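Residue numbers (my numbering): 739 to 874. Note that beta-carbon positions come from the ideal geometry of N, C-alpha and C, so glycine has one too. Remember, it's a predicted structure, so these values are computed and weren't measured experimentally. Reviewing the structure listed below.
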């Protein structure tokens with residue numbers, strides 16, 4: 739959640755994504771779009787063919803009224819095999835799926851004829867500055 743008055747934003751989530759990409763040996767770029775608002779761009783180049791791109795965002799919508807939640811909104815409570823919390827679905831699950839899919843390809847040794855591109859951007863829930871910066 740972007741809360742500049744509290745110094746909070748996407749940077750912690752982006753740093754986590756960056757670390758996972760580096761662990762896989764991907765060419766990884768941490769790019770500040772605005773202070774505290776980074777994009778993480780990672781590449782796994784295997785050939786000159788087409789690019790397979792996974793895109794996701796690292797921000798989440800505000801939690802609203804915390805009293806309306808059964809559990810603290812940022813607790814990532816696990817119940818009945820499911821994770822409950824703000825951002826678990828939109829879009830942290832999608833970001834992790836992209837990382838897992840990329841890791842499976844890298845670890846398998848499969849050689850694609852192109853490049854895997856991960857574009858994990860900031861600010862999808864607001865002014866979309868991350869994707870605008872990415873495509874510029």
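Assignment of residue 764 by DSSP, reduced to helix, strand and coil, places it in the coil class. If the five residues before and after residue 760 are omitted, its C-beta is found closer than 6 Å to the C-beta atoms of 766, all from its own chain and listed in chain order. For residue 872, the enclosing alpha helix (DSSP H) stretches over residues 867-873. Between the region 807-824 and the region 740-747, the count of C-beta pairs closer than 8 Å stays below three; the two stretches do not touch.
Contact between residue 853 and residue 762 does not hold, since their C-beta atoms are separated by about 14 Å, which reaches or exceeds 8 Å. In the structure shown, the three-state DSSP call for residue 755 is helix. With 16 or more neighbouring CB atoms inside 10 Å of its own CB, residue 860 falls in the buried class. Counting only runs of 3 or more residues that sit fully inside the region 769-828, the beta strand (DSSP E) segments are 775-783, 789-795, 815-817 and 820-822, in chain order. Taking the C-beta atoms as reference points, residue 866 is found no nearer than 9 Å to residue 755.
Approximately 7 Å separates the beta-carbon atoms of residue 869 and residue 862; this is inside 8 Å, confirming the contact.
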